[in-house]
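Visitor: Have a look at the structure that comes next, please.
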Amino acid sequence: MLLKNKGKCKFCGVEFTSQYMGRHLAACQNRKDRIAEERGEAPCGYYMLRITGTGDRLYWLFLEVQAHQTLDKLDQFLRDIWMECCGHTSQFIIGDKIYRRDPTGHFTDMESVRMREIFKPPLTFRYIYDDSGDSTEVQLAVVSYREGRLTGDPVKLLARNNTPEILCEHCKAAPATAAVAKYLGFPEPFLCGACIREQDINKYDLLPLCNSPRVGVCGYSGSRHFPEELVPDTEWAPDTVSVR
Ligand SMILES: [Zn+2]
Ligand SMILES: [Zn+2]
Ligand SMILES: [Zn+2]
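For the sequence shown, the positions run 3 to 246 when the numbering used here is used.
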């Protein structure tokens, strides 16, 4: 299995590991050009965040969040791109405080705190989705802060890891094609098609391989809001769109 994984810059498409991507984003000319074009009426502070899966470095994101927004906006983004399976409770653990959110509305701690009240580089903290058993935990770091104009969404994606190719954990010869649901406690959850047939695993116990640290957990079967792979802005440019 891979231990770390490259990903792409949203602005120019260049690939780096997560260790170098923060430095690239600070220097990326395409990103500087986008920032120079910000035309919002009001000023706005922005934090850059690095988010990595716990235990490996396969899954990672760089985001930019608007400083005046409340913590639930970041929670919603993480649910949308990486986490949401069936509406579990989530929590940020920041210093000695826990901010929780339950989609059914029982806990709304995150909605009462603005990110600028608690974020400051180089703060690091944790996020746990589903604290009831099949949890997924990720680590977050506040990388930097900048001031600009208020424009766009409360949370923006700056860079994301490429979908990792995971080797079948049984034969160790072919790429895995599915994950046995983690709650079954299977010792080798990532399997190729041949090993799935050989071990006679029920198809209802299989989950798709997704570009998320929640792969194989609970009923997670991918994001409904984001493609698996980040599409850089350069690939959306009009001169690269093919016309039939
Ligand atoms: Zn770039
Ligand atoms: Zn679930
Ligand atoms: Zn296999």
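The beta-carbon is built from N, C-alpha and C at its ideal position, and this holds for glycine as well. Note that the structure is a prediction, hence the values are computed from the model and not measured.
Excluding five sequence neighbours on each side, which residues of the same chain lie with their C-beta closer than 6 angstroms to the C-beta of D82?
Guide: What you label residue 82 is simply residue 80 of the sequence shown in a count that begins at 1. Counting only Cβ-Cβ distances below 6 angstroms, and skipping sequence neighbours, we find H227.
Visitor: Given this structure, state the Cα-to-Cα distance separating E237 from G195, to the nearest angstrom.
Guide: As a position in the sequence shown, residue 237 is number 235, starting the count at 1. As a position in the sequence shown, residue 195 is number 193, starting the count at 1. Those two C-alpha atoms are separated by around 33 angstroms.
Visitor: Alpha helix (DSSP H) containing T236: first to last residue?
Guide: Position 234 of the sequence shown, counted from the first residue, corresponds to residue 236. That run of the alpha helix (DSSP H) goes 235-238.
Visitor: With H, G and I counted as helix, E and B as strand and the rest as coil, what does DSSP make of S114?
Guide: Translated into positions along the sequence shown, residue 114 becomes position 112. Correct three-state label for S114: helix.
Visitor: Can you give me the Cβ contacts of C220 inside the same chain, cut-off strictly under 6 angstroms, excluding the 5 residues immediately before and after it?
Guide: One-based indexing of the sequence shown puts residue 220 at position 218. The answer, listed in chain order, is C87, D136.
Visitor: Check this for me: beta carbons of P234 and K10, under 8 angstroms apart or not?
Guide: Residue mapping note: residue 234 aligns to position 232 of the sequence shown, counting from 1. Residue mapping note: residue 10 aligns to position 8 of the sequence shown, counting from 1. Contact flag set, yes.
Visitor: Grouping DSSP H, G and I as helix and E and B as strand, with all else coil, what is Q141?
Guide: Residue numbering aside, residue 141 sits at position 139 when the sequence shown is read from its first letter. Q141 falls in the strand class under three-state DSSP.
Visitor: Looking at the unbroken beta strand (DSSP E) that takes in E40, where does it start and where does it end?
Guide: The residue given as residue 40 occupies position 38 in the sequence shown. Segment: none, E40 is in no beta strand (DSSP E) and carries neither H nor E.
Visitor: Could you tell me which residues DSSP pairs with I53 in its beta bridges?
Guide: Counted from its first residue, the sequence shown places residue 53 at position 51. BP columns for I53 point to L63, L142.
Visitor: When every heavy atom of ligand 2 is checked, does at least one fall within less than 7 angstroms of the C-beta of D77?
Guide: Translated into positions along the sequence shown, residue 77 becomes position 75. Every heavy atom of ligand 2 is 7 angstroms or more from the Cβ of D77, so no.
Visitor: Within its chain, find whatever has a CB closer than 6 angstroms to the CB of L125; leave out the 5 residues flanking it on each side and keep chain order.
Guide: To locate residue 125, count along the sequence shown from 1; it is residue 123. For L125, where only same-chain residues beyond five positions count, the Cβ hits under 6 angstroms are V144.
Visitor: Using only CA atoms, which one of T54, R41, F109, D98 lies nearest to D74?
Guide: As a working mapping, residue 74 is identified with position 72 in the sequence shown. The shortest Cα separation from D74 among T54, R41, F109, D98 belongs to F109.
Visitor: Collect the residues with a C-beta less than 6 angstroms away from any heavy atom of ligand 2 and give them in sequence order along the chain.
Guide: In chain order, the hits are C87, C88, H90, C220, G221.
Visitor: Report whether the distance from the Cβ of A180 to the nearest heavy atom of ligand 3 is below 7 angstroms.
Guide: Here residue 180 refers to the residue found at position 178 of the sequence shown. Checking the Cβ of A180 against ligand 3 gives no.
Visitor: Under 8 angstroms Cβ to Cβ from L80, same chain only, skipping five residues before and after it: list those, please.
Guide: Along the sequence shown, one-based indexing puts residue 80 at 78. Answer for L80: I53, S92, Y129, Y131, V140, listed in chain order.
Visitor: Any residue with its C-beta under 6 angstroms from a non-hydrogen atom of ligand 3 counts. Can you list them all in chain order?
Guide: Qualifying residues, in the order they occur: C170, H172, C173, A176, L193, C194, A196, C197.
Visitor: List the endpoints of the continuous alpha helix (DSSP H) containing A196.
Guide: As a first step, residue 196 must be located in the sequence shown, where it is residue number 194. A196 -> alpha helix (DSSP H) spans 195-200.
Visitor: Within the structure, which residues are defined as neighbours of ligand 1 by a Cβ-heavy atom distance below 6 angstroms, reported in chain order?
Guide: Chain-ordered list of matching residues: C11, F13, C14, V16, H26, C30, N32, R33.
Visitor: Can you give me the C-alpha to C-alpha distance between E230 and I100, rounded to a whole angstrom?
Guide: Numbered from its first residue, the sequence shown carries residue 230 at position 228. Numbered from its first residue, the sequence shown carries residue 100 at position 98. When rounded, the distance between both Cα atoms is 30 angstroms.
Visitor: In three-state DSSP terms, what is N32?
Guide: To locate residue 32, count along the sequence shown from 1; it is residue 30. Three-state DSSP puts N32 in a helix.
Visitor: Short of 7 angstroms in beta carbon distance, which residues of its chain neighbour G42, apart from the five on each side in sequence? Order them along the chain.
Guide: Along the sequence shown, one-based indexing puts residue 42 at 40. The residues are R151, L152, T153.
Visitor: Helix, strand or coil, according to DSSP, for F228 in the structure here?
Guide: By 1-based counting over the sequence shown, the position of residue 228 is 226. Coil, per DSSP.
Visitor: Measuring CA to CA, which of Q68, P215, E40, C212 is closest to L159?
Guide: Within the sequence shown, the letter at position 157 stands for residue 159. Of Q68, P215, E40, C212, the residue nearest in Cα terms is Q68.
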